[in-house]
Amino acid sequence: TTTTTTPTTRSRLTCNDDEDLSAVRGAGAWAVRMLLATGSAEVRSEAGALVRNIAADGERRRLAVLSLLAEALPDACDCANSAEARAGDGAAACDEYFDTFASVTDGGDEDAAVAARGYLRSRGTLTAVVREMGEETARLGRAEAAAFVGGVGHSADSGALAGRIAEVLARLVADVETTMDETAATKRLAKRLASTPGAIATATRCVLMLRSLVGLRTTDATAAERTLSALVVSAVDASAEARKMAIAAAVAEARRTGPAPLDPPLGEPVVVGDDGERGDGETRGLEKEGSVVEVSSPPPAPAGHVLSWLARLILPDDRSEDASYSLRLVKSATQEEFIRGQMTKNPYDSAEHSLATMRDVKNFVCVSLDMHGLCDDDFGMELLVAGKIVSLDLSVAEVFEHVWRRAVESGAAGANGDDGGDNRVGGADPRRRIRGRHRLADDDDDDDADDL
Numbered sequence: 023t024t025t026t027t028t029p030t031t032r033s034r035l036t037c038n039d040d041e042d043l044s045a046v047r048g049a050g051a052w053a054v055r056m057l058l059a060t061g062s063a064e065v066r067s068e069a070g071a072l073v074r075n076i077a078a079d080g081e082r083r084r085l086a087v088l089s090l091l092a093e094a095l096p097d098a099c100d101c102a103n104s105a106e107a108r109a110g111d112g113a114a115a116c117d118e119y120f121d122t123f124a125s126v127t128d129g130g131d132e133d134a135a136v137a138a139r140g141y142l143r144s145r146g147t148l149t150a151v152v153r154e155m156g157e158e159t160a161r162l163g164r165a166e167a168a169a170f171v172g173g174v175g176h177s178a179d180s181g182a183l184a185g186r187i188a189e190v191l192a193r194l195v196a197d198v199e200t201t202m203d204e205t206a207a208t209k210r211l212a213k214r215l216a217s218t219p220g221a222i223a224t225a226t227r228c229v230l231m232l233r234s235l236v237g238l239r240t241t242d243a244t245a246a247e248r249t250l251s252a253l254v255v256s257a258v259d260a261s262a263e264a265r266k267m268a269i270a271a272a273v274a275e276a277r278r279t280g281p282a283p284l285d286p287p288l289g290e291p292v293v294v295g296d297d298g299e300r301g302d303g304e305t306r307g308l309e310k311e312g313s314v315v316e317v318s319s320p321p322p323a324p325a326g327h328v329l330s331w332l333a334r335l336i337l338p339d340d341r342s343e344d345a346s347y348s349l350r351l352v353k354s355a356t357q358e359e360f361i362r363g364q365m366t367k368n369p370y371d372s373a374e375h376s377l378a379t380m381r382d383v384k385n386f387v388c389v390s391l392d393m394h395g396l397c398d399d400d401f402g403m404e405l406l407v408a409g410k411i412v413s414l415d416l417s418v419a420e421v422f423e424h425v426w427r428r429a430v431e432s433g434a435a436g437a438n439g440d441d442g443g444d445n446r447v448g449g450a451d452p453r454r455r456i457r458g459r460h461r462l463a464d465d466d467d468d469d470d471a472d473d474l
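Residues 23 to 474 (the numbering used here) make up the sequence shown, in order.
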């Protein structure tokens, strides 16, 4: 038996598909609204499961759901900052929305994730995400200023929404994880940011604003700042055009730190139209190169943060991957009966032994002294540099710049070696020199050492 598809049949099938997709959009729109129900975490959870189930039933349905989720981003941000959310779960009221958005975007195989990200970018979602990032960061800046002036309290989840928006931005501009050339992937990231109106300029302003937070500087705010910093740094390192945009934004921010800020007073609406001129009216606008997407101007960032960021963008980075630091590792004098053996091959080259962080240094000492049980224990051994206990999360470069160099330049105790070597910064050896001590934790409680 042969089945023939006539034009009438094809028209009927197309009509049924359109009706089916319309029904999916209706059900999806209702479910997305339930994702933002501030009154019940159970309702949000069930709505998230429903949205994911609808998206899993075919590619067309998945893209339709993605459109609905992207369109709901401004509502999600408003919901997180609403009085109802603050009285209930706070910014966590939108966690289910962002988790569902991420799940639908990257659900399925790699090809499906690539198609989903490309679809969202083609619909202008990046511009909307950049806008919301700028608005949320400006809100944090205004809240910080209000708390400083009027003693207004702040929520413990301040910065949580900024962190979730930064995650969405990072997901949309980055490639899905592949084994392809990393340099090429970074160039594509830079191109996507540079081609999105205001993305690099707004991200730069957001980084400076988040770094300036004091009272509202939470773990979430710090995570958001690091995510945005990584995006901007990757873009400017891969693209001269992106570097110019970031420098222009930083210079514009530097001009605001003077005695006569050029931006309107706090609270005045700022709109940048298609012609790049500011005007009155709507509170959401796009920008030209060098400007930022914003509703009202947050307080200017401290000059120190702006100058530090400008230096990162303009000056060559001397902390290259092949930078080498000469490490002299000695045992604390009180540890003879607790730690057997010595680090007899001083000094050790950090690049030669792949010692990027102080945790790497600690593990290197443990392995060298046959103390393998302490390799996975971050609290079993302490490292002291210039008399200060250093965090194992710090990089060797950071310890050199901010601990050892400062101690040597100030002549602080503990910065002078006992081997008669040259401990001047730079020294006769072009490689950096750091002298540190290691000891078992809690065995030298009477030692005069500060935590760092």
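Every residue, glycine too, gets a C-beta built ideally from N, C-alpha and C.
Residue burial classification, residue i (beta-carbon count within 10 angstroms, cutoff 16)
i           : result
residue 294 : Because residue 294 sits at a pLDDT of 41, beneath the cut-off of 50, its placement in the model cannot be relied upon, and the point is left open.
residue 337 : exposed
residue 278 : buried
residue 241 : exposed
residue 84  : buried
residue 329 : exposed
residue 54  : buried
residue 313 : In this prediction, residue 313 has a pLDDT of 47, which is less than 50 and means its spatial position is unreliable; nothing more can be read from the coordinates.
residue 82  : exposed
residue 159 : buried
residue 168 : exposed
residue 76  : buried
residue 50  : buried
residue 348 : buried
residue 355 : exposed
residue 287 : Only weak support exists for where residue 287 lies, its pLDDT of 41 falling under 50; the coordinates are left without a value.
residue 372 : buried
residue 272 : buried
residue 132 : exposed
residue 323 : buried
residue 157 : buried
residue 98  : buried
residue 185 : buried
Residue i and residue j closer than 9 Å at C-beta
i           : j           : result
residue 387 : residue 407 : no
residue 260 : residue 205 : yes
residue 122 : residue 70  : yes
residue 267 : residue 223 : yes
residue 243 : residue 326 : no
residue 119 : residue 191 : no
residue 238 : residue 166 : yes
residue 331 : residue 416 : no
residue 335 : residue 269 : yes
residue 125 : residue 74  : yes
residue 101 : residue 127 : no
residue 134 : residue 88  : no
residue 220 : residue 152 : yes
residue 350 : residue 369 : yes
residue 161 : residue 321 : no
residue 409 : residue 402 : no
Rounded distance between the beta-carbons of residue j and residue i, thought under 8 Å
i           : j           : result
residue 391 : residue 411 : At roughly 19 Å, the Cβ-Cβ gap does not stay under 8 Å, so residue 391 and residue 411 are not in contact.
residue 246 : residue 232 : 6 Å
residue 383 : residue 418 : 7 Å
residue 250 : residue 225 : 5 Å
residue 398 : residue 414 : About 12 Å; that fails the 8 Å criterion.
residue 198 : residue 136 : 5 Å
Endpoints, alpha helix (DSSP H) assigned at residue i
i           : result
residue 353 : That residue, residue 353, is in no alpha helix (DSSP H); its beta strand (DSSP E) goes 347-353.
residue 95  : 95-102
residue 329 : 325-336
residue 234 : 221-234
residue 191 : 182-195
residue 367 : Premise fails: residue 367 is in no alpha helix (DSSP H) and is neither H nor E.
residue 211 : 204-217
residue 267 : 262-277
residue 425 : Where residue 425 is concerned, there is no enclosing alpha helix (DSSP H), given that its DSSP letter is neither H nor E.
residue 140 : 132-144
residue 120 : 117-128
residue 67  : 63-77
Unbroken beta strand (DSSP E) run spanning residue i, endpoints
i           : result
residue 405 : 403-407
Assess, as a yes-or-no matter, whether the segment 211-221 is touched by the segment 243-261 under the definition of 3 or more beta carbon pairs within less than 8 Å. Flag = yes, the segment 243-261 and the segment 211-221 touch.
I want to know whether the segment 136-146 touches the segment 87-94 - three or more CB-CB distances under 8 Å. Counting Cβ pairs under 8 Å, three or more are found: they touch.
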